[in-house]
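FYI, in this note's numbering the residues of the sequence shown are 3 to 155.
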Amino acid sequence: MGLAVVVVVPAIRAWVEEVDMAMLDDVDRRLHQWARWVAGGNAGGLGYASISYDGLRGASGDGPVIPTIAVEASADHDDVMSLPSELRRTVEVYYLGTTANRAVIAVELACSVSTVDARLTRAHLMLRDAFAERSRRNHEMREEARRRYLSCA
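Next comes the structure, spelled out in structure tokens:
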């Protein structure tokens, strides 16, 4: 019986790591969307949600532009701004800067490449938790609104 646990635990650990990587990929996707939102301005107008397309092709004309959802990017901006200063600065330089070369970023931040990697990983983990918490709160608010609606009907 103990042997089965030893065999199952590595399988579970591998699955958890795979799920974590997928979640961190989603954080990376959202940070790229946030960077497009910051670079393009955040004018949704009168508080209404907006989606900017900036044409059908990218600047180089080689592919479609990914739309930026302003409401999500704005909320993600608040989460990025709430990071500790060294993590926030690393995220800003990496996602808003002109290069993704970690060696160049390390020089700009006056730290080692391994420190850049560690900061980005830590920021991704903190943002993953912040995004999940916001999603949970939004779900609870929707459920409460649904319950109130149904109780009035």
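Every residue, glycine too, gets a C-beta built ideally from N, C-alpha and C.
A quick note: this is a predicted structure, and the numbers were derived from the prediction, not measured.
Quick one: give me the first and last residue of the alpha helix (DSSP H) that residue i is part of.
i      : result
Cys154 : 115-154
Leu111 : 104-111
Thr92  : 87-98
Ser76  : 72-83
In chain order, what residues of the same chain lie with their CB nearer than 6 angstroms to the CB of residue i, ignoring the 5 residues before and after it?
i      : result
Arg121 : Leu89, Thr92
In terms of alpha-carbon separation, which member of the options lies closest to residue i?
i     : options                       : result
Asp78 : Ala132, Val106, Asp27         : Ala132
Ala37 : Pro86, Leu85, Ser84, Thr100   : Thr100
Tyr96 : Ser87, Ile107, Pro86          : Ile107
Ser87 : Leu111, Arg104, Ala105, Asp30 : Leu111
Met83 : Met128, Ala102, Asn103, Asp27 : Met128
What's the call for residue i, buried or exposed, on a 16-neighbour Cβ count within 10 Å?
i      : result
Val109 : exposed
His34  : exposed
Asp81  : buried
Ala125 : buried
Ala75  : buried
Arg32  : buried
With a threshold of 7 angstroms on Cβ separation, who are the neighbours of residue i within its own chain once the five nearest residues in sequence on each side are excluded?
i      : result
Arg156 : Residue 156 cannot be examined here, being either before or after the span of the chain that is shown, 3 to 155.
For the stretch 137-154 against the stretch 101-119, do three or more pairs of beta-carbon atoms, one drawn from each stretch, fall closer than 8 angstroms, so that the two count as touching? At 8 angstroms Cβ cutoff, the stretches do not touch.
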